[in-house]
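As given, the protein sequences belong to chains A and B, one line each in that order.
If you read the first sequence in my numbering, its first letter stands for residue 4, the second for the next number, and so on.
If you read the second sequence in my numbering, its first letter stands for residue 4, the second for the next number, and so on.
Idealized CB from N, CA, C, for every residue including glycine.
Protein chains: 2
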Amino acid sequence: MKCDRLFYNGIIYNTAFRKFFRGFLAVTGDKVVYTGAGEKPEDVEAAETVDLEGRAVVPGLIDVHMHIESSMLTPRAYADEAVRHGVTTVVSEPHEIANVAGVPGVKAMIEAGKGAAIDIFYGIPSCVPSTSRRLETAGAEIGVPELLELLKCPEVKCLGEVMNTRSVLDEPDGKANRLIRAFLENAPGLPAEGHVPRIVGEELARYMMSGVDSDHTEHTLDELAARWFNGFCVQIQEKTLKQEVVDYLCRNSLYDNTCFVTDDAMADEMLKNGILDHILRKAMSLGMPPEQALYCCTMTPALRMRLWDRGELRPNKKADFVVLDDVETFDVHSTYKNGVRAFLKGDPYVNEVDCSAFSGELYDSVKLKHLFESDFALRTEREGIVTCRVARVFPDRTQTAETEMKLEAKDGEILFEGAGICSFAVFERYGINGNRARGLVSGSVIRRGAVATTYSHDSHNLCVLGCSKADMAAAANTVISMKGGMAVVEDGNVIASAAMPIGGILTDRSASRFAEEIGDVTRALRYLGYEHEDPIMSLCVLALPVSPYLKFSDVGIIDVTRQTLVDLVK
Amino acid sequence: MKCDRLFYNGIIYNTAFRKFFRGFLAVTGDKVVYTGAGEKPEDVEAAETVDLEGRAVVPGLIDVHMHIESSMLTPRAYADEAVRHGVTTVVSEPHEIANVAGVPGVKAMIEAGKGAAIDIFYGIPSCVPSTSRRLETAGAEIGVPELLELLKCPEVKCLGEVMNTRSVLDEPDGKANRLIRAFLENAPGLPAEGHVPRIVGEELARYMMSGVDSDHTEHTLDELAARWFNGFCVQIQEKTLKQEVVDYLCRNSLYDNTCFVTDDAMADEMLKNGILDHILRKAMSLGMPPEQALYCCTMTPALRMRLWDRGELRPNKKADFVVLDDVETFDVHSTYKNGVRAFLKGDPYVNEVDCSAFSGELYDSVKLKHLFESDFALRTEREGIVTCRVARVFPDRTQTAETEMKLEAKDGEILFEGAGICSFAVFERYGINGNRARGLVSGSVIRRGAVATTYSHDSHNLCVLGCSKADMAAAANTVISMKGGMAVVEDGNVIASAAMPIGGILTDRSASRFAEEIGDVTRALRYLGYEHEDPIMSLCVLALPVSPYLKFSDVGIIDVTRQTLVDLVK
Numbered sequence: 004m005k006c007d008r009l010f011y012n013g014i015i016y017n018t019a020f021r022k023f024f025r026g027f028l029a030v031t032g033d034k035v036v037y038t039g040a041g042e043k044p045e046d047v048e049a050a051e052t053v054d055l056e057g058r059a060v061v062p063g064l065i066d067v068h069m070h071i072e073s074s075m076l077t078p079r080a081y082a083d084e085a086v087r088h089g090v091t092t093v094v095s096e097p098h099e100i101a102n103v104a105g106v107p108g109v110k111a112m113i114e115a116g117k118g119a120a121i122d123i124f125y126g127i128p129s130c131v132p133s134t135s136r137r138l139e140t141a142g143a144e145i146g147v148p149e150l151l152e153l154l155k156c157p158e159v160k161c162l163g164e165v166m167n168t169r170s171v172l173d174e175p176d177g178k179a180n181r182l183i184r185a186f187l188e189n190a191p192g193l194p195a196e197g198h199v200p201r202i203v204g205e206e207l208a209r210y211m212m213s214g215v216d217s218d219h220t221e222h223t224l225d226e227l228a229a230r231w232f233n234g235f236c237v238q239i240q241e242k243t244l245k246q247e248v249v250d251y252l253c254r255n256s257l258y259d260n261t262c263f264v265t266d267d268a269m270a271d272e273m274l275k276n277g278i279l280d281h282i283l284r285k286a287m288s289l290g291m292p293p294e295q296a297l298y299c300c301t302m303t304p305a306l307r308m309r310l311w312d313r314g315e316l317r318p319n320k321k322a323d324f325v326v327l328d329d330v331e332t333f334d335v336h337s338t339y340k341n342g343v344r345a346f347l348k349g350d351p352y353v354n355e356v357d358c359s360a361f362s363g364e365l366y367d368s369v370k371l372k373h374l375f376e377s378d379f380a381l382r383t384e385r386e387g388i389v390t391c392r393v394a395r396v397f398p399d400r401t402q403t404a405e406t407e408m409k410l411e412a413k414d415g416e417i418l419f420e421g422a423g424i425c426s427f428a429v430f431e432r433y434g435i436n437g438n439r440a441r442g443l444v445s446g447s448v449i450r451r452g453a454v455a456t457t458y459s460h461d462s463h464n465l466c467v468l469g470c471s472k473a474d475m476a477a478a479a480n481t482v483i484s485m486k487g488g489m490a491v492v493e494d495g496n497v498i499a500s501a502a503m504p505i506g507g508i509l510t511d512r513s514a515s516r517f518a519e520e521i522g523d524v525t526r527a528l529r530y531l532g533y534e535h536e537d538p539i540m541s542l543c544v545l546a547l548p549v550s551p552y553l554k555f556s557d558v559g560i561i562d563v564t565r566q567t568l569v570d571l572v573k
Numbered sequence: 004m005k006c007d008r009l010f011y012n013g014i015i016y017n018t019a020f021r022k023f024f025r026g027f028l029a030v031t032g033d034k035v036v037y038t039g040a041g042e043k044p045e046d047v048e049a050a051e052t053v054d055l056e057g058r059a060v061v062p063g064l065i066d067v068h069m070h071i072e073s074s075m076l077t078p079r080a081y082a083d084e085a086v087r088h089g090v091t092t093v094v095s096e097p098h099e100i101a102n103v104a105g106v107p108g109v110k111a112m113i114e115a116g117k118g119a120a121i122d123i124f125y126g127i128p129s130c131v132p133s134t135s136r137r138l139e140t141a142g143a144e145i146g147v148p149e150l151l152e153l154l155k156c157p158e159v160k161c162l163g164e165v166m167n168t169r170s171v172l173d174e175p176d177g178k179a180n181r182l183i184r185a186f187l188e189n190a191p192g193l194p195a196e197g198h199v200p201r202i203v204g205e206e207l208a209r210y211m212m213s214g215v216d217s218d219h220t221e222h223t224l225d226e227l228a229a230r231w232f233n234g235f236c237v238q239i240q241e242k243t244l245k246q247e248v249v250d251y252l253c254r255n256s257l258y259d260n261t262c263f264v265t266d267d268a269m270a271d272e273m274l275k276n277g278i279l280d281h282i283l284r285k286a287m288s289l290g291m292p293p294e295q296a297l298y299c300c301t302m303t304p305a306l307r308m309r310l311w312d313r314g315e316l317r318p319n320k321k322a323d324f325v326v327l328d329d330v331e332t333f334d335v336h337s338t339y340k341n342g343v344r345a346f347l348k349g350d351p352y353v354n355e356v357d358c359s360a361f362s363g364e365l366y367d368s369v370k371l372k373h374l375f376e377s378d379f380a381l382r383t384e385r386e387g388i389v390t391c392r393v394a395r396v397f398p399d400r401t402q403t404a405e406t407e408m409k410l411e412a413k414d415g416e417i418l419f420e421g422a423g424i425c426s427f428a429v430f431e432r433y434g435i436n437g438n439r440a441r442g443l444v445s446g447s448v449i450r451r452g453a454v455a456t457t458y459s460h461d462s463h464n465l466c467v468l469g470c471s472k473a474d475m476a477a478a479a480n481t482v483i484s485m486k487g488g489m490a491v492v493e494d495g496n497v498i499a500s501a502a503m504p505i506g507g508i509l510t511d512r513s514a515s516r517f518a519e520e521i522g523d524v525t526r527a528l529r530y531l532g533y534e535h536e537d538p539i540m541s542l543c544v545l546a547l548p549v550s551p552y553l554k555f556s557d558v559g560i561i562d563v564t565r566q567t568l569v570d571l572v573k
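#1: Nearest to Y11 (chain A) by CA position, among A:D54, A:G204, A:T31 and A:S95, is which residue?
#2: In whole angstroms, what is the alpha-carbon distance linking M540 (chain B) and I498 (chain B)?
#3: Please go through the region 193 to 262 of chain A and give each complete alpha helix (DSSP H) segment of 4 or more residues, from N-terminal end onward.
#4: Taking Cβ-Cβ distances shorter than 9 Å, what residues in chain B pair up with G204 (chain A)?
#5: The alpha helix (DSSP H) with M489 (chain A) in it runs from where to where?
#6: Against chain B, with Cβ distances strictly below 8 Å, would E315 (chain A) count as a contact?
#7: For the region 222 to 251 of chain A, which residues have a CB atom closer than 7 Å to at least one CB atom of chain B, in sequence order?
#8: Provide the residue(s) that pair with N464 (chain B) in DSSP beta bridges, ordered along the chain.
#9: Leaving out the 5 sequence neighbours to the left and right, which residues in its chain are closer than 6 Å to A345 (chain B) when beta-carbon positions are compared?
#10: Check the Cβ-Cβ distances between L172 (chain B) and every residue of chain A, and say whether any is below 8 Å.
#11: Can you tell me the Cβ-Cβ gap for C466 (chain A) and L545 (chain A), rounded? I've got them flagged as a contact below 8 Å.
#12: Is there at least one Cβ from chain A nearer than 8 Å to A19 (chain B)'s Cβ?
#13: Which word fits A455 (chain B), buried or exposed, when buried means at least 16 other C-beta atoms lie within 10 angstroms of its C-beta?
#14: For L257 (chain A), decide whether its Cβ has a neighbour in chain B, counting only Cβ atoms nearer than 8 Å.
#15: Any Cβ of chain A within less than 8 Å of the Cβ of R25 (chain B)?
#16: Three or more beta-carbon pairs under 8 Å between the region 244 to 255 of chain B and the region 64 to 75 of chain B, yes or no?
#17: Would you kindly work out how many angstroms separate the C-alpha atoms of A412 (chain B) and H281 (chain B), rounded to a whole number?
#18: At what residues does the alpha helix (DSSP H) containing L9 (chain B) begin and finish?
#19: Specify, as a first and last residue, the run of the alpha helix (DSSP H) that M287 (chain B) falls within.
#20: So L316 (chain B) and P62 (chain B) are supposed to be a Cβ contact under 8 Å. How far apart are they, rounded?
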């Protein structure tokens with residue numbers, strides 16, 4: 004046999020045996036053409052030979068539940084970093100860009116991922132907007148017609164996470180079930196992905212009758228066990244990966260029903276900890292056999308997403324593989340994509356990103372004019388001491404609690420400055436209705452200054468959190484002038500900022516460059532007193548009206564449990 | 004939850020855990036809606052409850068490599084018997100009916116399977132005829148246009164076994180590769196099934212590059228190991244299932260890459276030994292854990308054929324299951340198909356078969372007129388002693404050997420009667436060209452009388468084997484008058500016969516009734532001296548020009564290795 008490249012003297016991972024064999028791997032074009040145990044084979048005539056020097060070779064990692072937008076990077080920038088971590092395929096769920104720009108936004112992401120260093124597939128976002136027009140204004144909506152339009156894209160591999168669990172259970176003809184049915188009827192065989200917090204037993208069974216049968220949300224071991232028992236594709240993210248989970252998974256050999264996934268990873272976290280490689284390392288460090296942990300990052304995800312051309316290294320499969328200096332620490336020596344080396348240890352970071360797939364319209368998505376201090380006043384018709392509804396933020400979670408606080412109302416305005424509390428303002432920014440809403444936030448947030456962001460789940464309106472109206476206006480205007488992004492202001496000075504000019508949610512920079520900017524924003528938030536394990540995440544879900552318990556949208560203050568609007572003043 | 008039927012107090016097989024749990028199973032319509040461990044659940048309101056009395060419940064067995072025509076039964080008759088064995092789904096490869104009647108024949112099979120007791124899916128036959136028109140005349144041919152036509156049928160789940168291994172390897176643009184490419188391009192994601200005897204190493208890798216990646220042929224352990232290593236879906240039939248194979252399979256946990264399959268089973272064997280249940284029992288008796296053996300008959304085959312709606316018992320999957328009185332002997336208490344009981348131990352055999360799906364044309368496929376003794380003369384222009392080419396039959400295989408024998412030629416005829424040898428005659432029977440060919444057979448075949456059959460792989464022309472021209476004519480005429488089938492004659496008397504009026508290869512009777520007839524034929528052949536573990540199989544492949552080494556077709560005597568015609572007289 005003739006081949007392009009023969010890799011020999013390696014320890015090759017064999018997926019069927021889930022074992023490493025001393026052997027070789029022959030590649031022609033983008034495919035593996037021959038693999039076997041033993042020395043350099045004599046029946047192969049290779050244009051190029053590569054001595055692996057005893058290194059291990061494993062299939063490229065496949066991440067089937069993640070959101071590229073969580074990194075705030077473009078698909079290409081994400082891919083440039085991902086390949087350094089041995090990730091060669093992802094299935095991204097693009098509900099953030101869909102909230103901003105609908106089908107054209109998702110198509111722009113697909114287009115922007117073409118020619119990237121890794122293969123990027125997509126799920127069709129099923130919950131855009133996260134609630135309804137009654138409670139929030141997103142830039143676009145995904146209904147059945149939009150779903151059918153996106154299904155025409157060959158890059159679409161699944162229905163993205165169906166987040167409205169209650170609607171799936173309680174509204175047989177609600178939007179969630181209509182989307183699921185339209186998907187399963189028109190894409191038979193493709194998976195419908197879930198987001199199924201907490202429920203077990205009879206409710207879990209009823210949920211499964213919708214056809215959705217995966218879940219990546221955080222769980223207790225009992226909840227996970229119920230999902231495995233029911234044949235779910237259990238997608239484990241880093242925070243779910245605990246010792247008892249690994250022990251249970253291994254004791255019961257549930258590898259065929261388990262994928263590791265990243266869900267959300269910011270650019271600085273990617274560079275610092277890694278992505279899927281980080282979770283894989285953690286699994287191995289918790290005692291999972293590398294051969295099984297690798298299976299959960301390669302074969303199980305490939306089968307889940309019906310990616311028949313990859314996931315294992317054998318003839319006729321994609322030559323996507325990772326050469327490792329060490330298996331247990333997943334120390335990447337080099338990554339091959341489509342048979343070609345895409346990364347070698349020591350390669351410098353890629354600094355330039357081609358963003359040409361994104362149109363002028365996506366670069367002009369923040370349709371807001373200059374704001375003034377007066378735009379941040381908490382208007383009221385009341386006078387004197389008023390009891391206000393306040394969302395309390397905690398340092399260890401994204402859920403808030405509803406509390407209250409007495410404040411003085413004077414000259415048509417509730418005075419919050421200097422009262423040890425923040426105001427939170429949301430400005431509809433798509434030019435749809437000009438909605439503006441105001442609220443109050445206490446707890447572990449900033450103690451001075453202000454922060455503004457157009458990256459705010461899921462509607463991505465302009466959100467401003469601050470202790471001072473002047474700083475809030477300054478932060479907001481900085482973001483507006485950047486055409487989107489984040490800005491942190493103290494005493495009128497911008498102390499950190501990260502531009503996200505693409506749809507107001509993506510940077511046009513590389514991962515390494517953006518990691519510095521977004522790291523600066525995190526540090527600035529901490530400097531202003533924000534106490535949270537992830538201050539940006541905490542900030543960005545204050546406007547997510549499906550995240551308990553008291554949140555904000557451009558329409559107003561939302562009691563998430565009741566899915567109703569409530570007043571600021573009680 | 005409300006449900007149609009609640010089965011409780013059972014030991015339910017859970018596929019994800021590959022374990023039995025004491026629990027319950029709730030069914031509504033044709034689906035499982037809820038399953039769990041423990042007692043009768045309180046949150047279920049069932050229209051009917053069924054106490055399983057501690058019995059085990061497993062998913063219905065799925066057989067992904069078999070040929071319904073090998074049973075000589077119609078799809079419905081096959082299904083009536085299969086359900087008694089706990090088989091609820093099969094994927095049949097209909098190359099026999101395709102050789103007889105092409106696409107209309109396959110469509111008639113599909114039609115005839117609708118409403119059967121089990122679900123019957125199909126592969127598209129890829130080697131019709133088995134060789135080419137130069138070497139044999141079949142009733143029809145399957146090329147790319149026919150493949151594309153069959154792909155429109157939703158019952159099609161794969162490309163049927165690609166038997167021309169050498170062509171796949173050596174003729175990049177040969178018919179085999181053209182069919183494979185047309186299939187993979189037009190049915191992305193569906194599997195292409197193989198038939199890959201012997202080859203290993205670099206040739207096996209090159210074979211896989213075609214996209215075919217399963218194999219059900221008989222193998223040594225080393226050959227099987229090579230297929231597992233290469234990620235094949237290894238389909239193990241009864242004769243391959245040896246102690247060392249089971250030991251290796253279990254030691255290396257290769258269950259995800261292993262299906263059990265029946266390939267060929269005649270009606271009497273089905274009744275006597277079983278089908279997939281027989282192989283499953285054998286695997287367990289050889290020490291395979293029942294939980295893994297069951298997986299190889301349920302989940303692995305479901306995944307292989309992308310039958311996403313079945314293979315495991317969990318919410319939203321088909322309620323196809325088997326209640327067992329004993330797991331290790333697979334002692335079927337009852338079989339449920341689509342949530343409804345389709346068999347209960349003690350149920351009488353079904354005796355009537357609806358054959359209305361088969362048209363008048365398929366009932367008139369043997370287009371031959373009455374034959375005379377003179378039609379069975381071995382014509383020659385030579386006189387005196389001639390050296391003839393003879394196919395020698397062995398009792399333990401279907402391969403023949405080429406030998407020679409000196410016979411007397413007189414009055415334009417080679418005299419074989421009384422010479423301790425059989426003549427073999429093939430009559431093209433589709434009214435295409437009227438071909439007739441003659442040859443000689445020695446070895447472990449009949450020692451007197453004659454047998455005729457229109458069931459003869461793969462072209463199914465009329466084949467007659469006999470020691471006497473008169474008996475040969477009598478057997479042939481009996482078969483012609485039955486519009487197809489088999490007849491055994493001794494001294495002018497028909498001592499056994501089995502009519503197969505549908506396409507000349509299928510009975511219109513039930514499995515139990517036909518089993519008696521076909522059993523009689525086997526016994527009659529043995530009585531006439533045929534020494535073979537399966538005399539009918541031995542007889543029916545004498546006209547298969549891909550089976551080594553010397554075989555016959557309507558065109559002449561074939562040197563299988565060289566794929567050329569050879570003369571009777573040397």
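Taking the coordinates as given:
#1: Ranked by how close their Cα comes to the Cα of Y11 (chain A), the residues A:D54, A:G204, A:T31 and A:S95 have A:D54 in first place.
#2: Just so you know, the alpha carbons of M540 (chain B) and I498 (chain B) end up roughly 19 Å apart.
#3: Taking only runs of at least 4 residues, the alpha helix (DSSP H) segments lying wholly in the region 193 to 262 of chain A are 204 to 211, 224 to 232 and 246 to 254.
#4: Y37, G39, P44 and D46, listed in chain order.
#5: M489 (chain A): not part of any alpha helix (DSSP H); member of the beta strand (DSSP E) spanning G488 to E493, first to last residue.
#6: Under the Cβ criterion of 8 Å, E315 (chain A) is counted among the residues facing chain B.
#7: Going along the region 222 to 251 of chain A in chain order, one finds W231, F232, N233 and G234 with a Cβ nearer than 7 Å to chain B.
#8: None; N464 (chain B) has no bridge partner.
#9: Around A345 (chain B): V86, A120 and T338.
#10: It does not: the Cβ of L172 (chain B) has no partner Cβ on chain A nearer than 8 Å.
#11: At roughly 7 Å, the Cβ-Cβ gap stays under 8 Å, so C466 (chain A) and L545 (chain A) are in contact.
#12: Chain A contact via Cβ: present.
#13: Classification for A455 (chain B): buried.
#14: Interface with chain B (8 Å Cβ-Cβ cutoff): L257 (chain A) is included.
#15: Taking Cβ atoms only, chain A never reaches closer than 8 Å to R25 (chain B), which makes this a no.
#16: They do not touch, by the three-pair rule.
#17: One C-alpha to the other measures close to 51 Å.
#18: Careful: L9 (chain B) lies outside any alpha helix (DSSP H), inside the beta strand (DSSP E) at K5 to N17.
#19: Unbroken alpha helix (DSSP H) run through M287 (chain B): L279 to S288.
#20: Confirmed, about 5 Å.
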